[in-house]
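A short worksheet on the structure shown next.
In my numbering, the protein residues as written are 11 to 670.
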């Protein structure tokens with residue numbers, strides 16, 4: 011990190027603001043971490059370069075802009091506490107945002123999914139809207155001026171500094187003020203700026219947050235700046251597949267080259283972004299602060315302990331003396347200090363004692379040997395680092411991929427986006443009160459999650475509102491509860507009721523009834539059967555078999571069998587009795603045996619010819635005997651046995667008497 015003015019560290023500005031540690035340097039100023047000693051609170055101190063501080067017009071404009079921004083009050087604006095001038099230093103005292111910049115976050119994490127991008131841009135636009143309503147224009151909206159606190163708050167800083175520098179007589183008229191990658195076309199061509207210029211820069215900022223790059227690049231800042239005069243900003247979705255077309259439209263409308271075609275101010279753009287959030291159903295998101303930000307590093311520097319320098323141990327026999335280097339055979343004329351023990355000082359030199367010249371170590375050979383060992387160890391470390399790096403990359407991120415965002419896509423496009431990320435797509439239904447049937451609700455795992463390559467991602471598709479399921483015959487309450495929970499319903503005890511169709515303990519009915527469409531999470535009462543209800547066998551004597559069956563079925567009794575019996579009192583085909591008998595108490599669902607009469611009522615044959623009477627009686631299945639004087643079928647019947655309306659068994663005999 012490069013900073014200017016290191017002599018300021020530890021000094022006090024206006025005898026109130028202590029300069030503690032540098033945070034970052036920009037093109038016009040250096041930002042320090044400091045302390046307001048009067049209020050005992052940490053602050054950020056922006057100290058302008060001396061070339062500007064010496065310009066009266068700059069100082070006038072600088073103070074004017076500082077007062078204007080200080081009047082604004084919004085959580086998305088970095089608060090301005092004070093401004094002043096101390097000698098050659100013009101400075102601004104601001105709220106200290108403990109965290110980092112959006113630029114640092116993008117470097118750490120890369121492009122953001124739609125819900126995270128909206129979470130960054132919405133507070134920036136809301137803060138700019140407050141400034142625009144007050145008649146202020148930022149003129150330099152860029153990631154470096156968007157601050158993210160450790161608590162997830164997003165704020166924008168540096169209001170008015172560009173305008174103050176533009177007023178300075180030290181600024182060349184040929185210089186384009188602002189950051190080339192974010193300037194609006196009118197700032198490049200005419201140098202003018204209004205609220206719509208900030209809207210253009212915010213649109214470029216949204217493009218970069220979604221894609222991880224700026225829309226234009228070039229060899230120089232001027233070439234980058236002038237590209238936007240002739241070219242439109244591309245849609246983020248053309249750079250990163252999967253960006254919802256709604257966000258493409260916001261970027262397009264914010265970065266139109268003609269100012270009149272853009273959103274009129276940041277408030278209008280913020281309303282459009284809120285509408286997109288509601289349309290896509292984007293979740294809320296807490297923007298994380300960058301982990302290794304310049305602000306964090308400055309805090310670590312400020313609180314780091316002083317390094318400990320260990321001293322060589324000394325004994326009573328040790329002293330430090332200065333010995334000329336020439337006296338120990340050093341070719342250098344430099345005077346060195348050598349540690350000599352008292353025992354060494356007492357011994358005479360080798361030449362004086364005549365014991366021969368002292369043999370000094372071969373330092374050159376030792377250095378060559380040390381270099382070889384060092385090279386060997388360096389090679390080992392490089393190979394180990396490559397192996398560990400490869401293994402770590404594969405274990406950490408190489409075998410993982412991020413789940414793409416599918417908001418705003420149809421099912422086919424969403425499947426293609428997931429497969430393009432080396433993942434397998436499946437489709438799972440989800441009940442929903444609001445989303446129409448077949449609309450995509452998201453993914454499981456959610457967008458941005460890291461998943462092993464080749465893993466499975468479920469596309470969540472709306473099934474609309476759930477309907478109460480049918481009651482499966484023989485279903486237990488636990489089975490019915492599980493079926494209801496599969497449709498998001500909450501099963502509650504509906505008590506017991508008699509049921510002819512469900513055994514005791516099984517589910518007899520649901521309330522509301524099966525097929526009823528309900529909101530997600532509604533309660534459904536489960537009614538348990540306490541068996542068939544008690545009923546009495548009805549009296550169906552004398553009724554036809556069909557009528558008797560209908561009456562028995564009405565009370566829940568079925569006919570198990572039909573027996574034919576002769577009963578002289580009941581016509582053929584009518585019920586004689588039931589088994590069990592009428593009035594017997596049984597349970598619904600029981601069965602009975604019907605006894606049906608076979609008795610044949612004898613019709614009156616008196617006055618009919620013998621031939622006609624015989625034909626009628628034989629048709630009824632009866633045997634006919636005729637007593638007559640003359641054997642002829644034309645004689646008339648004068649009497650019969652059995653008599654008319656009497657009942658006889660099938661095949662019984664009827665005797666006719668005729669004359670002549």
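We put the CB at the ideal spot given by N, CA and C, even for glycine.
Contact check, residue i vs residue j, beta carbons under 8 Å
| i | j | result |
| --- | --- | --- |
| residue 667 | residue 649 | yes |
| residue 34 | residue 86 | no |
| residue 659 | residue 576 | yes |
| residue 168 | residue 150 | yes |
| residue 598 | residue 545 | yes |
| residue 458 | residue 395 | no |
| residue 573 | residue 619 | no |
| residue 299 | residue 158 | yes |
| residue 612 | residue 652 | yes |
| residue 28 | residue 44 | yes |
| residue 303 | residue 110 | yes |
| residue 289 | residue 214 | no |
| residue 569 | residue 585 | no |
Of the residues the options, the one placed nearest residue i, counting alpha carbons only
| i | options | result |
| --- | --- | --- |
| residue 88 | 155, 30, 57 | 155 |
| residue 480 | 534, 464, 189 | 534 |
| residue 513 | 486, 541, 285, 503 | 541 |
| residue 197 | 292, 219, 232, 69 | 232 |
| residue 436 | 469, 447, 429, 246 | 469 |
| residue 415 | 288, 385, 467 | 467 |
| residue 255 | 30, 423, 590 | 423 |
| residue 628 | 643, 606, 607, 663 | 663 |
| residue 594 | 579, 565, 578, 580 | 565 |
| residue 147 | 262, 274, 109 | 274 |
Where residue i falls, given that 16 or more other Cβ within 10 Å makes a residue buried
| i | result |
| --- | --- |
| residue 387 | exposed |
| residue 391 | exposed |
| residue 661 | exposed |
| residue 489 | exposed |
| residue 1 | As displayed, the chain neither begins before 11 nor continues past 670, which places residue 1 out of reach and without an answer. |
| residue 486 | exposed |
| residue 24 | exposed |
| residue 600 | buried |
| residue 483 | exposed |
| residue 637 | exposed |
| residue 657 | buried |
| residue 143 | exposed |
| residue 228 | exposed |
Distance between residue j and residue i (C-alpha atoms, nearest Å)
| i | j | result |
| --- | --- | --- |
| residue 153 | residue 449 | 35 Å |
| residue 279 | residue 84 | 18 Å |
| residue 252 | residue 426 | 10 Å |
| residue 635 | residue 616 | 14 Å |
| residue 538 | residue 442 | 29 Å |
| residue 293 | residue 124 | 10 Å |
| residue 462 | residue 32 | 42 Å |
| residue 249 | residue 430 | 14 Å |
| residue 38 | residue 61 | 9 Å |
| residue 623 | residue 632 | 11 Å |
| residue 134 | residue 524 | 51 Å |
| residue 305 | residue 116 | 16 Å |
| residue 417 | residue 118 | 24 Å |
| residue 547 | residue 472 | 53 Å |
| residue 271 | residue 243 | 14 Å |
| residue 225 | residue 258 | 13 Å |
| residue 315 | residue 444 | With a pLDDT of 47 at residue 315, under the threshold of 50, the modelled position of this residue cannot be trusted; read the value that follows with caution. Answer to the nearest angstrom: the Cα atoms are 58 Å apart. |
| residue 495 | residue 501 | 7 Å |
| residue 562 | residue 516 | 25 Å |
| residue 455 | residue 499 | 24 Å |
| residue 385 | residue 399 | 20 Å |
| residue 130 | residue 99 | 34 Å |
| residue 77 | residue 245 | 39 Å |
| residue 291 | residue 505 | 40 Å |
| residue 74 | residue 82 | 13 Å |
| residue 97 | residue 311 | 27 Å |
| residue 530 | residue 211 | 43 Å |
| residue 187 | residue 59 | Caution is warranted here: a pLDDT of 45 is assigned to residue 187, below 50, making its placement in the model unreliable, and the coordinate value is therefore given only provisionally. Residue 187 and residue 59: Cα-Cα distance of roughly 16 Å. |
| residue 57 | residue 464 | 53 Å |
| residue 556 | residue 579 | 19 Å |
Residue-chain proximity (residue i, chain D), Cβ-Cβ < 8 Å
| i | result |
| --- | --- |
| residue 236 | Note that chain D does not occur in the displayed structure, where there is just one protein chain. |
Residue ranges of each alpha helix (DSSP H) within the segment 234-321, 4 or longer: List check, alpha helix (DSSP H) in window: 255-264, 276-290, 304-313.
Segments assigned beta strand (DSSP E), at least 3 residues, entirely inside the segment 415-466: Correct list: 434-440, 450-454, 460-462.
Completely contained alpha helix (DSSP H) runs for the segment 55-134, where each covers 4 or more residues: For the segment 55-134, the continuous alpha helix (DSSP H) assignments of 4+ residues that do not extend past its boundaries occur at 60-63, 66-80, 112-119, in sequence order.
Those runs of the beta strand (DSSP E) which lie wholly inside the segment 509-579 and span at least 3 residues: Runs found: 517-521, 533-539, 544-546, 568-575.
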